[in-house]
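Chemist: Provided herewith is a single structure, encoded as structure tokens, for subsequent inquiry.
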Amino acid sequence: MTNNNRNRWIAQGALIAALYVVLTLAFAPISFGPVQMRIAEALAIMPLFTSAAVPGLFIGCFIANMLGGCVAVDVIFGSLATLIGAWIGRKLMHNRWLVPLPTVLSNTIIVPFVLRYGYGIADIPLPLMMVYILIGEVLGCYILGELLGTALIHRKDIIFKS
């Protein structure tokens, strides 16, 4: 990787991280809790366009969770759920429709346990919390994410040059 490409990759990752933080915190009332829908999850489509999205999404989630006042368990495991989803999503980039799926699944499986054991939310059964998180992830990753992806596909050659 040339120095220019490396710098571009770092800038892309930083931009994705910053967007994730801003979108999560701007929509904080719906970004946190047992029933949540992170607008920032639309960025789960970004591994389709650049490998810089993998660390960008992880760092963005980590910072957003820290600034959002999350407990350490959430900062760590919520961010790891995002990292797992982005990393596997990048591996599936040959099929645009599969890219957000690992993010949906990793958050659906991990986040309810974080809510249960990190925040002590015991009045909602884990399977129901999984359904709540799944709905929010599908709305963010697939509805908003596909709108974003469609817009970017037409500009991919300009925005994500190597």
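Just so you know, we're using the working numbering here: the sequence shown kicks off at 2 and counts up by one.
Using N, Cα and C, we set each Cβ at its ideal position, and we do this for glycine too.
None of these values were measured; they are calculated from a predicted model.
Measure how close the beta-carbons of G69 and L26 come, nearest whole angstrom, since I'm counting them as under 8 Å.
Modeler: Indeed they touch by this definition, with Cβ atoms about 6 Å apart.
Chemist: Below 8 Å, how does it come out for the segment 50–69 and the segment 3–20: are there three or more Cβ pairs, yes or no?
Modeler: Touching, per the Cβ criterion.
Chemist: Q37 to I77, Cα distance in whole Å?
Modeler: Whole-angstrom Cα-Cα distance: 18 Å.
Chemist: What is the C-beta distance between G79 and N96, in whole angstroms, given that I count them as a contact (C-beta under 8 Å)?
Modeler: Actually they are not in contact, since the Cβ atoms of G79 and N96 sit about 26 Å apart, beyond 8 Å.
Chemist: Taking its Cβ as the centre, do 16 or more other Cβ atoms sit within 10 Å of M60, making it buried, or is it exposed?
Modeler: Met is not the amino acid found at residue 60; the sequence shown has Ile there. I60 should be labelled buried.
Chemist: Please report the straight-line C-alpha distance between G146 and G121, rounded to a whole angstrom.
Modeler: Using only the alpha carbons, I get a separation of about 31 Å.
Chemist: In terms of residue numbering, what span does the alpha helix (DSSP H) encompassing A45 cover?
Modeler: Element bounds for A45: n/a, residue is neither H nor E.
Chemist: Just reading off the alpha helix (DSSP H) that G61 is part of, what are its end residues?
Modeler: Counting along the chain, the alpha helix (DSSP H) containing G61 begins and ends at A54 to L68.
Chemist: Report yes if the CB atom of V72 is closer than 8 Å to the CB atom of G137, and no otherwise.
Modeler: Cβ atoms of V72 and G137: not closer than 8 Å.
Chemist: Between the Cα of L99 and those of I31, L81, V23 and A45, spot the shortest distance and give me the residue it belongs to.
Modeler: The shortest Cα separation from L99 among I31, L81, V23 and A45 belongs to A45.
Chemist: Taking the alpha-carbon positions, what's the N8 to M2 distance?
Modeler: Each residue's alpha carbon lies about 10 Å from the other.
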